[in-house]
Amino acid sequence: MEIYLNGKTTAVTPECSLFGLITELGLNPDTVIAELNRDIVPSSQFETTILKPGDALELLHLVGGG
Amino acid sequence: MTSSTNDDLLHIGDAFLESRLFIGTGKYGDDAVIPAVAQASGAQVITVALRRVDIGNPKDGMLSHIPKNMRLLPNTSGARTADEAARIARLARAAGCGDWIKIEVISDNRHLLPDGYETAKATETLAKEGFVVLPYMNPDLYVARDLVNAGAAAVMPLGAPIGTNRGLRTREMIGILIEEIPLPIIVDAGIGRPSHACEAMEMGAAACLVNTAIAVSGHPARMAAAFGDAVRAGRAAYLARTAPVLEGHAAASSPLTGFLGECHE
C-alpha cells in the first residue's frame, strides 16, 4: 500500500504499525516525532497506530538551529 | 569562570537563570563539539530546530549532543505563517522539548526578517496553550507592545539580520525596547563578537542569544567561553551603572593642582 511519507508517495507493508515503519526505516523511535494526518502521535502510541492507505505521515526530529 | 553570586537571576516563565547567554546548535562543522561549547559558555538555554527526517540517510538527532541539564528552546524556523509556527511548537512540545518556544516566522528569504503580524498571532495562540513564548522580532516598539499583549514571556529583537555577524545595527531601537517594554529583552541574531554581546548587556538587555558567531568561529569552545565572559562583564557594567558621556571638552582624571614646578608667590 502507499502512504505520503514526508511529502512523498511511499510504498509500505500493508497494516504496518507506525513503530514497525520507523524501525524498518532505521530510525530511532525514541527521537522521532510523528504527525499522522495532521495529528501528533505520542511515541507511546507508535506500536498501536496502524497505517492505512493514503495516510499523510510526517516523521521529524530535532536538528541544529539558532 | 562562573558567577559567584546568584542574586541576579533572569526570570523567564518558570525558570530563574543564572546565565544570561543562550546558545544555538546550528552551523557547527562537527556537532560533537556542542557539549564542550555548552560547558564553556555556561549557558543554561540552548536552541534547536525541527525538521523532517532524511529517510534515505537517517542520522541521530541533535538531542544526543545536548547536555541533559540544559533547557531546550526549540524554534519554529521554517514557519511562514502563525499557523505553521503553532504546528511546529506543538510537535516540539509533544516530542518532549518542554513548554518553551522561540517563535520565528519568516517569509522573506533574502533578509530573513521576521513577520511581526504573524509572530504576534502565533505568540497569542501559543501563550494561551500554556507555552512560554519567546518571539524573535524586528525591534519595533509597536510590535513589541503587541507581543506583550499577546502574552510573550520575553522579546527577542535582532541586532542585525540572522547570521551576518554585523553587530548591534539596531542599537537605538533595542534601546527603546529596553526602556519601554516590561519584559526581558534578549538580543538575538547579528551578534558577531563578544564585544557586541557585551555592549547589548551594558545597555540593559536581559540576555543574548548567540549561535553563528560561536559555531563558525575558529575555535567554538573558546569563543563560547569568550561570549560567556562578555555577557557577564556587560551585565556587571549595567548593574554598576556606566559613567556618563561628556561631550565637547575633556575632564582630567588626575587632580589639576599641586603640579611640580608650580610657584606660589
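For the protein sequence lines, the chains are L and V, in the order given.
With the working numbering as the guide, the letters of the first sequence map in order to residues 1 to 66.
With the working numbering as the guide, the letters of the second sequence map in order to residues 1001 to 1265.
A virtual CB, placed ideally from N, CA and C, is assigned to each residue, including glycine.
This one's a predicted model, so the numbers in the text were calculated from it and none came from an experiment.
query	result
When the Cα atoms are used, what is the spatial distance from Ala1240 (chain V) to Ile1176 (chain V)?	20 Å
Using a 10 Å radius around the Cβ and a threshold of 16 neighbouring Cβ atoms, would you call Gly1167 (chain V) buried or exposed?	buried
Mind listing which residues of the region 1004-1026 of chain V have their C-beta closer than 7 Å to chain L's C-betas, in chain order?	Gly1024, Thr1025, Gly1026
Tell me, please, whether the CB atom of Arg1241 (chain V) is closer than 7 Å to any CB atom in chain L?	no
Do Ser1041 (chain V) and Ile1023 (chain V) come within 7 Å of each other at the CB atom, strictly closer than that value?	yes
Could you check if Cys1263 (chain V) is buried or exposed, using at least 16 other CB atoms within 10 Å of its CB as the buried criterion?	exposed
For Val1105 (chain V), which residues in chain L fall below 7 Å Cβ to Cβ?	Chain L residues near Val1105 (chain V): none, gap ~14 Å exceeds 7 Å.
Does Asn1075 (chain V) come within less than 7 Å of chain L when only Cβ atoms are used?	yes
Could you give the distance in angstroms between the alpha-carbon of Ala1032 (chain V) and the alpha-carbon of Ala1251 (chain V)?	52 Å
Distance, Cα to Cα, Glu1124 (chain V) vs Ala1213 (chain V)?	31 Å
Leaving aside the five residues before and after His1196 (chain V) along the sequence, list all residues of the same chain whose C-beta is less than 7 Å from its C-beta, in chain order.	Gly1159, Gly1167, Leu1168
Between Thr23 (chain L) and chain V, is any beta-carbon pair separated by less than 7 Å?	no
Are Ile1186 (chain V) and Ala1215 (chain V) closer than 7 Å when you measure CB to CB?	no
Report the partner residues of Cys1208 (chain V) according to the DSSP bridge assignment.	V:Leu1021, V:Val1187
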